[in-house]
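Residue numbers (our numbering): 4 to 303.
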């Protein structure tokens with residue numbers, strides 16, 4: 004089982020690293036070159052960028068190295084991290100020790116989540132042997148957090164989403180919807196001697212609405228105001244399909260995305276509210292305002 008978990012972790016890390024490299028490649032950063040003759044793709048750095056012995060580093064190259072240091076995923080090998088850190092220190096000297104203002108607007112890395120490998124093993128065992136389990140789930144009810152005991156849960160899948168391991172499951176013996184929850188919000192799993200429920204095709208369709216907690220899947224045009232040098236405008240954060248871009252002034256730009264109105268989208272926008280402004284639609288702008296007022300009231 005340990006070998007299996009280790010392999011799973013390696014596959015997830017590889018996919019995340021390939022995704023990040025592709026993003027940097029699309030931006031034309033760091034002289035990256037892609038070899039598509041095999042999968043996962045092979046990556047290399049062209050000769051111009053490998054020759055890093057130049058006494059004077061250009062400001063463009065310096066900004067790239069400072070950005071790369073911030074974007075390195077946790078799965079990056081330690082020797083690569085050391086190499087990038089060395090270059091970033093050299094880049095910092097290019098700016099006399101002051102990081103460019105636009106770099107400070109980038110979202111900070113997500114908190115590292117410690118996953119209970121024994122818990123994962125139990126859920127994998129239940130899925131493999133098609134067993135029902137009892138467990139406690141972390142739920143927020145009326146703004147208060149609780150661990151709620153569920154007598155019967157039918158886990159049927161484990162997936163990685165955005166670097167977080169998620170469990171798909173059904174509740175009880177009568178409820179028809181499928182749900183998704185991060186592994187770290189599950190505890191005290193007990194495997195029962197009862198065959199689990201198998202979701203039908205129609206029931207699997209309910210998973211998306213369950214993930215979004217019943218919010219309507221409404222297609223919207225999202226308009227946001229962001230700094231020119233922000234992670235959103237640079238393309239490192241995508242809020243949907245970009246359909247329009249308008250430069251307001253030397254510092255800001257208006258971006259229009261075609262996307263879906265979900266709770267996840269609202270939460271992502273709220274995380275960036277200190278530097279990103281939602282212009283339209285009004286319902287999302289009101290949600291962000293409500294969250295900001297609630298947050299501000301905690302500090303009065």
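Here a beta-carbon is modelled for each residue, glycine too, at the ideal position from N, C-alpha and C.
Keep in mind that this is a model prediction, so the values were computed, not measured.
Q | Reference residue 200; option with closest CA among 73, 172 and 241 | A | Residue 200 sits at position 197 when you count from the first residue of the chain shown. The option with the nearest alpha carbon to residue 200 is 172.
Q. Okay, do the stretch 130–148 and the stretch 191–207 touch, 3+ Cβ pairs below 8 Å being the bar?
A. yes
Q.
Using only the alpha-carbon positions, how far apart do residue 276 and residue 23 sit?
A. On the chain shown, residue 276 is found 273 positions in, with the first residue counted as 1. On the chain shown, residue 23 is found 20 positions in, with the first residue counted as 1. Taking the straight line from one Cα to the other gives about 24 Å.
Q: Please say whether residue 43 and residue 21 have beta carbons closer to each other than 7 Å?
A: Counted from its first residue, the chain shown places residue 21 at position 18. Counted from its first residue, the chain shown places residue 43 at position 40. It is a contact, given that the beta carbons lie within the stated cut-off.
Q: Starting from residue 230, follow its DSSP beta bridges and name the residues at the other end.
A: Counted from its first residue, the chain shown places residue 230 at position 227. Beta-bridge pairing links residue 230 to 255.
**Q.** Continuous alpha helix (DSSP H) stretch holding residue 273: start and end
**A.** Taking the first residue of the chain shown as 1, we reach residue 273 at position 270. For residue 273, the enclosing alpha helix (DSSP H) begins and ends at 266–274.
Q. Residue 242 and residue 262 look like a contact to me (Cβ under 8 Å); what is the Cβ gap, rounded to whole Å?
A. To locate residue 242, count along the chain shown from 1; it is residue 239. To locate residue 262, count along the chain shown from 1; it is residue 259. Right, the Cβ-Cβ distance comes to about 6 Å (below 8 Å), so this counts as a contact.
Q) For residue 40, which three-state DSSP category applies? A) Working through the chain shown from its first residue, we reach residue 40 at position 37. The answer is coil: DSSP assigns residue 40 none of H, G, I, E or B.
Q) According to DSSP, is residue 167 helix, strand or coil? A) Here the question's residue 167 lines up with position 164 in the chain shown. Strand.
Q: Please classify residue 259: is it buried, with 16 or more other beta-carbons within 10 angstroms of its beta-carbon, or exposed?
A: In the chain shown, counting from the first residue as 1, residue 259 sits at position 256. Looking at its Cβ environment, which holds 16 or more other Cβ atoms inside 10 Å, residue 259 is buried.
Q.
The beta strand (DSSP E) that contains residue 291, what's its start and end?
A. Taking the first residue of the chain shown as position 1, residue 291 is located at position 288. Segment 285–300 is the alpha helix (DSSP H) holding residue 291; no beta strand (DSSP E) there.
**Q.** Neighbourhood of residue 160 by C-beta distance below 6 Å, restricted to the same chain and skipping five residues each side
**A.** Counting from one through the chain shown, the residue named residue 160 turns up at place 157. Once the five neighbours on either side are set aside, the close Cβ partners of residue 160 are 171.
Q: Could you check what DSSP says for residue 9 in three-state terms: helix, strand or coil?
A: Here residue 9 is taken as the residue at index 6 of the chain shown, counted from 1. With a pLDDT of only 46 at residue 9, under the threshold of 50, the placement of this residue in the model should not be trusted; the figure read from the coordinates follows. Three-state result, residue 9: helix.
Q) Grouping DSSP H, G and I as helix and E and B as strand, with all else coil, what is residue 149? A) Along the chain shown, one-based indexing puts residue 149 at 146. It is a strand residue.
Q. Are the beta-carbon atoms belonging to residue 228 and residue 270 less than 7 Å from one another?
A. As a working mapping, residue 228 is identified with position 225 in the chain shown. As a working mapping, residue 270 is identified with position 267 in the chain shown. No, the pair does not count as a contact, with Cβ atoms beyond the cut-off.
Q: With a 10 Å radius around its C-beta and 16 neighbouring C-beta atoms as the bar for buried, classify residue 125 as buried or exposed.
A: What you label residue 125 is simply residue 122 of the chain shown in a count that begins at 1. Flag for residue 125 reads buried.
Q.
Here's the rule: buried if 16 or more other CB atoms are within 10 angstroms of the residue's CB, otherwise exposed. What is residue 140?
A. Position 137 of the chain shown, counted from the start, is the residue given in the question as residue 140. Result: buried.
Q) Distance, Cα to Cα, residue 224 vs residue 299? A) Taking the first residue of the chain shown as position 1, residue 224 is located at position 221. Taking the first residue of the chain shown as position 1, residue 299 is located at position 296. Near 28 Å, if we compare the C-alpha coordinates of residue 299 and residue 224.
**Q.** For residue 158, the residue or residues it bridges with in DSSP
**A.** For this step, residue 158 is matched to residue 155 along the chain shown. Checking the DSSP bridge columns, you'll see residue 158 partnered with 172.
Q.
I believe residue 156 touches residue 174 by the beta-carbon criterion, under 8 Å. Please report the beta-carbon distance rounded to the nearest angstrom.
A. Residue 156 sits at position 153 when you count from the first residue of the chain shown. Residue 174 sits at position 171 when you count from the first residue of the chain shown. So it is a contact: roughly 6 Å between Cβ atoms.
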